[in-house]
Amino acid sequence: MSIQTVGIIGAGTMGNGIAQACAVSGVKVVMVDISQAAVDKGLATVSGSLDRLIKKDKLTAEQKKAALALIQGSTNYDDLKGAQLVIEAATENYELKLKILKQVDAILQPEVIVASNTSSISITQLAAATSRADRFIGMHFFNPVPMMALVEIIRGYLTSDATHDAVKALAEKLGKSPITVKNAPGFVVNRILVPMINEAFFVLSEGIATPEDIDAGMKLGCNQPIGPLALADMIGLDVCLAVMEVYLKEFGDSKYRPCPLLREMVAAGQLGRKTGRGVYTY
Ligand SMILES: NC(=O)c1ccc[n+]([C@@H]2O[C@H](COP(=O)([O-])OP(=O)(O)OC[C@H]3O[C@@H](n4cnc5c(N)ncnc54)[C@H](O)[C@@H]3O)[C@@H](O)[C@H]2O)c1
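Numbering-wise, the sequence shown is residues 104 to 385 according to the working numbering.
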């Protein structure tokens with residue numbers, strides 16, 4: 104199945120980024136959020152992001168105009184009806200996602216594929232809330248979507264080959280490099296990344312090296328663009344802790360034990376850049 108129009112639920116950080124990636128590649132978009140203000144904010148973000156590409160000579164003013172013309176903003180789920188694929192990119196909340204998925208499942212034609220951009224919720228579990236588990240899949244984009252090449256395509260237990268192939272072809276059309284992943288907590292990237300960050304906190308708490316030296320070690324020795332502790336400050340220490348707690352619970356394996364120092368810093372409200380102080384002070 105060829106996907107010409109993509110419906111996007113949520114016009115926030117990820118939703119508007121996915122909308123931009125689609126529109127720049129000539130794919131029509133209907134982007135739905137709960138309020139006109141949220142839709143307008145999403146559209147303005149896309150416009151500003153395209154302006155930055157123009158400044159860098161990566162896009163022309165005509166291309167920007169053409170891309171924006173392909174994005175329809177809406178507050179009405181009925182406008183998603185013309186899409187061949189609907190990507191749910193609403194707030195990360197299980198109950199909310201269930202509600203949204205049941206709602207769109209009821210109005211979309213049976214052949215329409217539904218995807219979720221969730222970072223942490225089971226694709227198999229979300230699929231079960233719909234009447235189309237074989238046409239349900241995870242599309243995990245990375246932030247900022249227009250810049251990041253990766254999309255993790257997550258197959259739920261019942262996802263069909265046809266659904267996988269159609270979504271993979273779309274990701275490639277958007278200029279992305281998709282990888283195929285079986286449904287499991289953290290998928291591939293966060294499953295490896297967040298325990299590595301947690302280990303950096305153990306190394307710090309054991310006094311093995313200073314934060315600066317830990318980060319320099321991973322940058323200079325492993326070619327990482329940013330050290331794990333600086334990255335934790337960017338992601339948010341609370342988010343890192345929550346992810347480790349999910350792994351510990353889901354896998355029942357003590358290797359996912361959150362570092363006590365990470366817990367202490369979260370309890371103290373030192374959450375990283377967003378609070379002005381994490382491992383580093385901003
Ligand atoms: N931010 C990231 O780095 C990142 C990366 C990968 C995946 N994700 C996932 O992407 C999803 C969206 O995250 P985000 O960072 O864009 O969040 P965000 O808070 O920036 O945006 C969420 C948007 O969803 C809207 N929304 C809430 N309820 C809705 C409803 N019923 N119908 C339509 N829209 C609704 C909100 O108004 C908001 O505009 C989450 O599942 C998150 O886990 C986020």
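Backbone N, C-alpha and C fix where the C-beta goes; we use that ideal spot for every residue, glycine too.
State the DSSP-derived secondary structure class of residue i, mapped to helix, strand or coil.
i	result
Glu191	strand
Leu171	helix
Lys205	helix
Gly324	helix
Ile157	helix
Gly379	coil
Ser234	coil
Gly110	strand
Pro331	helix
Thr283	strand
Ser128	coil
Leu253	strand
Gly176	strand
Thr219	The identity of residue 219 in the sequence shown is Ser, whereas the question assumes Thr. DSSP places Ser219 in strand when its eight states are reduced to three.
Phe244	strand
Phe290	coil
Met134	strand
Arg258	strand
Thr313	coil
Thr163	coil
With a threshold of 16 other CB atoms inside 10 Å of the CB of residue i, please say whether the residue is buried or exposed.
i	result
Leu199	exposed
Leu323	exposed
Asp264	exposed
Gly381	buried
Glu309	exposed
Asn301	buried
Gly151	exposed
Gly375	buried
Arg235	buried
Thr262	buried
Ala230	buried
Tyr359	buried
Ile256	buried
Cys362	buried
Thr313	exposed
Ala147	exposed
Tyr385	exposed
Nearest by alpha-carbon distance to residue i: which of the options is it?
i	options	result
Ala122	Leu273, Ile174, Lys285	Ile174
Gly115	Glu195, Val189, Thr163	Glu195
Asp182	Phe239, Ile112, Ile224, Gly151	Ile112
Thr108	Met134, Thr313, Met117, Leu351	Met134
Ser414	Pro288, Val248, Glu309, Tyr260	The requested residue 414 does not occur in the structure, where the chain is confined to residues 104 to 385.
Gly120	Ile190, Ile157, Leu229	Ile190
Ala192	Gly110, Leu351, Asp160	Gly110
Asp336	Leu156, Lys377, Leu162	Lys377
Leu211	Ile224, Phe239, Ser225, Thr384	Phe239
Ile224	Asp237, Arg235, Gly259	Gly259
Gln187	Lys158, Thr266, Leu334	Thr266
Leu334	Met251, Ala370, Tyr383	Tyr383
Lys161	Met250, Glu348, Ala345, Leu365	Met250
Asp237	His243, Asn246, Asp208	Asp208
Gln327	Leu296, Leu365, Lys159	Leu296
Leu253	Ile106, Tyr385, Ser105, Ala124	Ala124
Gly241	Ala370, Ala232, Thr227	Thr227
Val132	Asp154, Lys159, Tyr180, Leu156	Tyr180
Tyr197	Thr221, Ser177, Lys184	Thr221
Ile329	Met299, Glu353, Ser357, Leu277	Met299
Thr233	Phe245, Pro213, Phe244, His243	Pro213
Gly176	Glu353, Gly118, Leu364, Asn246	Gly118
Ala345	Asn246, Ile106, Ala370, Leu171	Ala370
Ala172	Phe244, Leu351, Leu153	Leu153
Counting only beta-carbon separations shorter than 7 angstroms, does residue i have a partner in chain B?
i	result
Ala192	The question asks about chain B, but that chain is absent: this structure has only one protein chain.
Item to complete: May I ask you to verify whether the region 125-140 touches the region 295-309, counting CB pairs closer than 8 angstroms and requiring at least 3?
Response: no
Worksheet item: Okay, do the region 261-276 and the region 314-325 touch, 3+ Cβ pairs below 8 angstroms being the bar?
Response: no
Worksheet item: Okay, do the region 206-218 and the region 161-168 touch, 3+ Cβ pairs below 8 angstroms being the bar?
Response: no
Worksheet item: Between the region 278-285 and the region 340-357, are three or more C-beta pairs nearer than 8 angstroms?
Response: no
Discussion item. For the region 124-133 against the region 200-207, do three or more pairs of beta-carbon atoms, one drawn from each stretch, fall closer than 8 angstroms, so that the two count as touching?
Written reply: no
Worksheet entry | At least 3 beta-carbon pairs within less than 8 angstroms: the region 289-299 vs the region 143-159 | no
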